[in-house]
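To keep things clear, I will list the structure first and then write my remarks on it.
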Amino acid sequence: MGKRIYRMKIFLAILILAGLILPTGAVFAKDNNHKPITQKLIKLVEQNPEIGNMLKTSLAKAKKINPDPKTNPAQSLSDYYDFIDRASELIPQDVLENPSNLAHDQILQSICYFYFLVDQPLTELKDKGLYKNAIQYYKPFSSWVRNYAKIWGAFLDTEKSWNKKNYQEFYNDPRFGLKKGWYEPSSNWNTFNRFFSRYLKSPNMRPIASPSDSAVVVSPADSVPQGMWAIDKNSNIQVHGGLKVKLTTYYSIKDLLGEDSKHKDDFANGVLTHTFLNVNDYHRYHFAVGGTIKEKKSIVQNVALEVEWSPKHGRYVPIDSTGWQFSQTRGYVIVDTEKYGLVALIPMGMAQVSSVNFEDNVKVGTTHKKGDMLGTFLFGGSDFVILFQKSAGFKITVPTKHKVITRPDSNHGHKMTNYKHVLMGEEYGVMHGQTK
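See the structure below:
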């Protein structure tokens, strides 16, 4: 009888112990059904409960803004895990249900939705020194987002990511310009990324403005200029207070180029400009000026995007504000133009899989002409930043849309002129030289 009671006590102890550990074990057993990248997120959440709580809060805020499960299907943590499973191996148009039949809108919505979920303001991240108090900028989570981008990018490099139906959708959308005869044969596109980074049929498809005039700066890509900002004597740009936030935020050129850059202080009193590439744009970028490369660098940091939901239009809207570039994955070359000083050309990754890739012949010491190919972005909307020294006397010459229209620069309130879309090689601006 004593032995039986003893064995029962042992059995009960085992049951109690099992009750303590089986819930965790059961979660992992269930999580094995998720994709590896999702399992990494689940592990991150389990090891860092504050990440899980912030992610839940962000999803709840997103649900409050847009409660429609068709355009916002990830309304809980478990929904989010299922969404990541699907999104990591899908062609961009198919990430969420979208009423639009245009490939441009489908791609843009799929990119924006991913970031809308993690771009909600969180009080827990306030005053943490982040660009914005959203979880996508918080390092433990932002590192996972970068890994997610690599995983999806690897899928978009496979032939599973491309088919005739997708091609036809892009062909039918006039914003991609596939009917204009600009590009290489479509038979070269056997993966989504191969299509996305498509080549021109010939350089004649993008004539270079004033090729013999070194003062003329050309657009480095098909894009929309966002404006021009003065760099002060301390190598900072200022984004001034406006309608939303009445304060001034400073962003350091030293952070943009890195503290180890030999030229981090050389753009003091100069100007910064940036221009936005949309998903339908030609995504190879070129030299905006000619000259010799003095410095080249790649910087791996955030892979982020600011997004708002527009109830009026029933769609997600990307915001290309000024400031996020200073903590974003990017690359740059600094070109010595001789007559007009140094110019920094900074292709800026934006959103998922917007990797920055330089051409093999782009090396320190090499000389390139205005319009020569500099590199390519892979999937994602992208941005291109250019820095000029004071001696360049640079001014944007791209026309505005009918009249000057301004809009707030995201949460920082800076007003930006509504410029026309330009093609790579068209005139972007002019360097007038040193002004007294």
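Residue 115 in this note's numbering is what sits at position 111 of the sequence shown, and the numbering runs on without skipping anything.
Note that CB positions come from ideal geometry on N, CA and C, so glycine has one too.
Using only CA atoms, which one of the options lies nearest to residue i?
i           : options            : result
residue 263 : 239, 39, 182, 349  : 239
residue 308 : 359, 223, 54       : 359
residue 435 : 398, 425, 427      : 398
residue 404 : 422, 388, 159, 46  : 422
residue 124 : 115, 382, 158, 59  : 59
residue 145 : 433, 62, 70        : 62
residue 77  : 96, 52, 121, 142   : 121
residue 114 : 354, 148, 256, 320 : 320
residue 94  : 47, 143, 153       : 153
residue 341 : 331, 90, 291       : 291
residue 242 : 209, 222, 327      : 327
residue 74  : 81, 207, 376, 87   : 87
residue 349 : 402, 160, 222, 85  : 222
residue 37  : 377, 82, 65        : 82
residue 256 : 331, 175, 50       : 331
residue 44  : 80, 92, 79         : 92
residue 433 : 282, 232, 210      : 232
residue 381 : 333, 57, 147       : 333
residue 64  : 143, 80, 253       : 80
residue 147 : 57, 48, 354        : 48
residue 306 : 143, 216, 175, 335 : 143
residue 361 : 431, 288, 402      : 288
residue 56  : 401, 89, 126       : 126
With a 10 Å radius around its C-beta and 16 neighbouring C-beta atoms as the bar for buried, classify residue i as buried or exposed.
i           : result
residue 317 : exposed
residue 234 : exposed
residue 170 : buried
residue 52  : exposed
residue 26  : Residue placement at residue 26 is flagged as unreliable, the pLDDT there being 33, under the threshold of 50; a coordinate-derived value is accordingly withheld.
residue 190 : exposed
residue 368 : exposed
residue 71  : exposed
residue 325 : buried
residue 34  : Residue confidence is low: residue 34 scores 45 on pLDDT, short of 50, so the model does not pin down where it sits. Its coordinate-derived value is still stated next. Classification of residue 34: exposed, given that the 10 Å Cβ count is below 16.
residue 266 : exposed
residue 69  : exposed
residue 157 : buried
residue 386 : buried
residue 119 : buried
residue 270 : buried
residue 96  : buried
residue 192 : exposed
residue 286 : buried
residue 284 : buried
residue 437 : exposed
residue 177 : buried
residue 314 : exposed
residue 337 : buried
residue 304 : exposed
residue 248 : With a pLDDT of only 37 at residue 248, under 50, the local geometry of the prediction cannot be trusted, and the value read off the model is given with reservation. The residue in question, residue 248, is exposed, as its Cβ has fewer than 16 Cβ neighbours within 10 Å.
residue 208 : exposed
residue 133 : exposed
residue 417 : Bear in mind that the predicted position of residue 417 carries a pLDDT of just 40, short of 50, making it too unreliable to give a figure here.
residue 322 : buried
residue 136 : buried
residue 279 : buried
residue 85  : buried
residue 141 : buried
residue 254 : exposed
Am I right that residue i and residue j are in contact with their C-beta atoms under 8 Å? What's the rounded C-beta distance?
i           : j           : result
residue 428 : residue 224 : 7 Å
residue 139 : residue 41  : About 17 Å separates the two Cβ atoms, so there is no contact after all.
residue 345 : residue 363 : Their Cβ separation, rounded to whole angstroms, is 24 Å, which puts residue 345 and residue 363 out of contact at 8 Å.
residue 214 : residue 220 : 4 Å
residue 389 : residue 352 : 6 Å
residue 329 : residue 260 : 7 Å
residue 366 : residue 293 : Rounded, the Cβ-Cβ distance is 14 Å, inconsistent with contact.
At the 7 Å Cβ level, is residue i part of the contact set with chain C, yes or no?
i           : result
residue 232 : Protein chain content of the structure displayed is limited to a single chain, and chain C is not contained in it.
Notebook entry, point to check: Would you call the segment 275-290 and the segment 389-409 in contact, with 3 or more CB pairs under 8 Å?
Noted result: Yes: at least three Cβ pairs fall under 8 Å.
Notebook entry, point to check: Would you say the segment 161-174 touches the segment 194-201, given that touching needs at least three Cβ pairs under 8 Å?
Noted result: Taking a cut-off of 8 Å for Cβ pairs, the segment 161-174 and the segment 194-201 touch, as three or more such pairs fall below it.
Margin query: With a threshold of 8 Å, are at least 3 pairs of Cβ atoms found where one atom belongs to the segment 364-383 and the other to the segment 296-313?
Written below: Because the criterion of three Cβ pairs below 8 Å is met, the segment 364-383 and the segment 296-313 touch.
Checklist line | Ranges of the alpha helix (DSSP H) found wholly within the segment 255-282, counting only runs of at least 4 | finding: Qualifying alpha helix (DSSP H) stretches, in chain order: 257-261.
Notebook entry, point to check: On the three-pair Cβ rule with 8 Å, is the segment 201-217 touching the segment 172-187?
Noted result: Taking 8 Å as the limit for Cβ pairs, the verdict is that the segment 172-187 does touch the segment 201-217.
Next item on the list: Could you name each continuous beta strand (DSSP E) segment of 3 residues or more that falls completely within the segment 275-355, going from the start of the chain to the end?
Entry: Scanning the segment 275-355 for uninterrupted beta strand (DSSP E) segments of 3 residues or longer gives 275-281, 288-290, 295-303, 310-314, 319-323, 334-340, 346-353, listed from N- to C-terminal end.
Checklist line | Ranges of the alpha helix (DSSP H) found wholly within the segment 159-239, counting only runs of at least 4 | finding: The segment 159-239 contains these whole alpha helix (DSSP H) runs: 168-176, 196-200.
Check: At which residue ranges does the segment 103-152 contain complete alpha helix (DSSP H) runs of 4 or more residues, listed in the order of the chain?
Finding: Runs found: 107-120.
Margin query: Restricting to runs no shorter than 4 residues, where is the alpha helix (DSSP H) found entirely within the segment 36-99?
Written below: Every alpha helix (DSSP H) of 4 residues or more that sits fully in the segment 36-99 is shown, in chain order, as 40-51, 53-69, 81-91.
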